[in-house]
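If you count by this note's numbering, then the sequence shown holds residues 69 to 663, one letter each, in order. What follows is one structure encoded as structure tokens, with my remarks underneath.
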Amino acid sequence: MKIKAPTQHKKLIQWVQEMARMTRPEKIVWIDGSEEEKKKLEEEAVQSGELVRLNPKKLPGCFYHRSDPSDVARSENLTYICTQHKSDAGPTNNWMSPKEAYKRARKIFSGSMKGRTLYVIPFSMGPVGSSFSKVGVEITDSIYVVLNMRIMTRIGQPVLDQLGSDGSFTKCMHGKADLNIGHRLILHFPEENTIWSVGSGYGGNALLGKKCLALRIASYLGKREEWMAEHMLILGIEKPNGQIQYVAAAFPSACGKTNLAMLVPPEGMKKKGYRIWTVGDDIAWMRIDTDGGLWAINPEAGFFGVAPGTNSKSNPNAVLSIQKNTIYTNVALKPDGTVWWEGADGEIPEEALDWRGKPWKPGLVDEAGNPLRGAHPNSRFTAPISQCPSISFRLEQHHGVPISAILFGGRRARLAPLVMESFDWNHGVYLGATVASEKTAAAEGVVGEVRRDPMAMLPFCGYHMGDYFKHWMDMGKKLEKQPRIFHVNWFRQDKDGQYLWPGFGENLRVLEWVLNRCEDKVAAVKTSIGYLPNPKDIDTTGLSLPKGALHELLSVNIQDWRAEQEEHEKYFKQFGNRLPTEMWRECHSLKRRLG
Ligand code: GTP
Ligand code: SPV
Ligand code: MN
69 MKIKAPTQHK
79 KLIQWVQEMA
89 RMTRPEKIVW
99 IDGSEEEKKK
109 LEEEAVQSGE
119 LVRLNPKKLP
129 GCFYHRSDPS
139 DVARSENLTY
149 ICTQHKSDAG
159 PTNNWMSPKE
169 AYKRARKIFS
179 GSMKGRTLYV
189 IPFSMGPVGS
199 SFSKVGVEIT
209 DSIYVVLNMR
219 IMTRIGQPVL
229 DQLGSDGSFT
239 KCMHGKADLN
249 IGHRLILHFP
259 EENTIWSVGS
269 GYGGNALLGK
279 KCLALRIASY
289 LGKREEWMAE
299 HMLILGIEKP
309 NGQIQYVAAA
319 FPSACGKTNL
329 AMLVPPEGMK
339 KKGYRIWTVG
349 DDIAWMRIDT
359 DGGLWAINPE
369 AGFFGVAPGT
379 NSKSNPNAVL
389 SIQKNTIYTN
399 VALKPDGTVW
409 WEGADGEIPE
419 EALDWRGKPW
429 KPGLVDEAGN
439 PLRGAHPNSR
449 FTAPISQCPS
459 ISFRLEQHHG
469 VPISAILFGG
479 RRARLAPLVM
489 ESFDWNHGVY
499 LGATVASEKT
509 AAAEGVVGEV
519 RRDPMAMLPF
529 CGYHMGDYFK
539 HWMDMGKKLE
549 KQPRIFHVNW
559 FRQDKDGQYL
569 WPGFGENLRV
579 LEWVLNRCED
589 KVAAVKTSIG
599 YLPNPKDIDT
609 TGLSLPKGAL
619 HELLSVNIQD
629 WRAEQEEHEK
639 YFKQFGNRLP
649 TEMWRECHSL
659 KRRLG
């Protein structure tokens, strides 16, 4: 197929031709990123039923999409790292040889775009032209993907201009094929800077700039080029004295990054003078600058956030961000052309269409007697970060923001205290490496199961996890000004299964302690697992915690931690001699401290 292309980049044109030969589309469209193009695509998707236009008075510029019921979360068991040597993918990734991977995917891709349009989306992760940024080009046959990429990344002609005639880019090949789970593969070729994803239309499987490029491929590049690609939110905390300090935090999927990134300070802390600036809610790219400190950008331009539980109380800034120009996926659709999900503002609708398109009303149950949900638990909104009231004025700065503290955390009903500080960088890396969390709906599988999720990167690290830990240790050595590392847990429960900590905006109370520690303003209690706060140093003014809750939140049960340490040891064994010795040292020191 001869193609007309708005670029002189020979390799790019050749690649598009090659992919078109394989998939046989009816036509090829280069995405320029213009408003007219957006309107046209929206119109076409509404005509075909791929999108529903929502009530233009109540939700202007908003659209609704349902993905296939078997395609509503990341498919981790169909996600592969395809390196020449199996050992380079490590024990925590699925591996396939590049040869086998291309062969299998080519079979599915072959002729799969017949009668469809092939879109070419040039995109930049990070501000166009920043030395931090990376360019990708995604090919897709999904308008939904184009419109989502338009929100989530910077796309179109400026990116092609930046690429010039021979700039390097990540080849991101995506096709829906027949959306059959048996014909689904999400393949990464870090050694060839290439991604092939076929058979899924769901976010993390199909918006290839996000997890595939910005984490799996980028983590590999980061190791090679001495920087870090992490599953982290970034937020600025403006203190009463007007100074803003930036914190990056890694929590597993659906464990509170979006919420923390745009939290609203509780009344008392607002009065004290605290204010929050949102830089990013999911991904951080970090590098060491000439000042010897760690600097971060958010490579994304939008939020792909969890809808259920989002309301004006839990996350007012998210609610304000999604009133216009937002794509809603797999939530419930109300008769008035607006949307609803479990835990949304307002009344529960008397009737709606659920995330599968079936008539729904409150009180329906499935065969097992469980309540039927209107929205899928992993239903999402896609909204431009520019619509967030707390957006940081430094978002577009090519330099990023300096990071003072790094937080790790997961969902732990027991064991992990509300907050603790590591003894030093290496111990902090250990806290990150041993993060465990109860599984959420963001990935297919059994919800609630506890699994280890090192640095919240288990599904996203593009190479051997042991080498990844080593990279963290090495970065620590190179940093003259190391951020302090902390571990937090907003999800500890009492005997009756009630959360002990109110969470959400109140988490700023914990962040205040974190910043005070960074500035050596408060002392801490040295325990066998790390530095814990003196209860009096967590500001609980205006908070009505159940009696004894703070004490319990900050308690360390030595018996339980001994058992936990044994689990760490077992977990680490799988990494063999690629686990850095420093990590074993941390593990054994913990054992010694626990006595
Ligand atoms: P991904 O987009 O999947 O990476 O997830 P995320 O880490 O951004 O998760 P998000 O902030 O969307 O939170 C997901 C769920 O956690 C929602 O149901 C929230 O209501 C809940 N949640 C967030 N913060 C807190 C908290 O501080 N306490 C409690 N109890 N729940 C929280
Ligand atoms: C996550 O699962 O961590 C997400 C959503 O942020 S997805 O883009 O599907 O990966
Ligand atoms: Mn995520």
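Think of the CB as a built atom: it goes at the ideal place given N, C-alpha and C, for glycine as much as any other residue. Since we're looking at a predicted model, the values are computed, not measured.
Counterpart residues of V266 in DSSP-defined beta bridges: G243, L253
Residues that Y186 bridges to, as DSSP identifies them: Per the sequence shown, residue 186 should be read as Leu rather than Tyr. L186 is bridged to I96.
Start and end residues, beta strand (DSSP E) containing H495: Looking at the DSSP string, H495 is not in any beta strand (DSSP E); the run it does join, the alpha helix (DSSP H), is 493 to 501.
Residues sharing a beta bridge with L618, DSSP: In the DSSP output, where bridge partners are listed per residue, L618 has none listed.
Test item: CB-CB of G425 and R134 under 8 angstroms: yes
The ligand MN heavy atom lying under 7 angstroms from the CB of D521: no
S321 beta carbon near the ligand MN (any heavy atom closer than 7 angstroms): yes
Distance between beta carbons of L301 and C240, contact taken as under 8 angstroms: Not confirmed; about 24 angstroms, so no contact.
Nearest candidate by alpha-carbon position, reference K338, set T378, K154, G610: G610
Span of the beta strand (DSSP E) around Y567: First-last for Y567: undefined, no H or E at that position.
G373 versus R448 - alpha carbon distance: 5 angstroms
Residue of G101, D349, M87, G534 minimising C-alpha distance to L331: D349
C-alpha distance - W629 paired with L662, whole-angstrom precision: 8 angstroms
Host beta strand (DSSP E) of E415 (start-end): Careful: E415 lies outside any beta strand (DSSP E) and carries neither H nor E.
7 angstroms CB neighbourhood of Q642 in its chain, flanking five on each side removed: P159
Of the listed residues E306, K507, V590, nearest to F559 (C-alpha basis): K507
Contact test: V266 Cβ vs the ligand GTP heavy atom, cutoff 7 angstroms: no
The ligand GTP heavy atom lying under 7 angstroms from the CB of T326: yes
H555 - partner residues in DSSP beta bridges: F476, M488
S454 burial status per 10 Å Cβ neighbour count (16 or more: buried): exposed
Where R660 sits in the DSSP three-state scheme: helix
Neighbourhood of L228 by C-beta distance below 7 angstroms, restricted to the same chain and skipping five residues each side: P74, T75, P190
DSSP bridge partner residues for Y599 (one or two, in chain order): E489, K594
Sequence-distant residues of its chain with Cβ nearer than 7 angstroms to E650 (five each side left out): N494, M541
Buried or exposed (CB count within 10 angstroms, at least 16 for buried), S192: buried
Sequence-distant residues of the same chain with beta carbon closer than 7 angstroms to E637, five excluded per side: C655
Residue range of the unbroken alpha helix (DSSP H) whose run includes A375: Unbroken run through A375: none, as it is neither H nor E.
Residues near T406 in its chain [Cβ-Cβ closer than 7 angstroms; skip 5 each side]: L122, N123, K126, L127
Distance cut-off 7 angstroms: K564 Cβ against heavy atoms of the ligand MN: Inspection of the sequence shows that residue 564 is occupied by Asp rather than by Lys. D564: no, Cβ never under 7 angstroms from the ligand MN.
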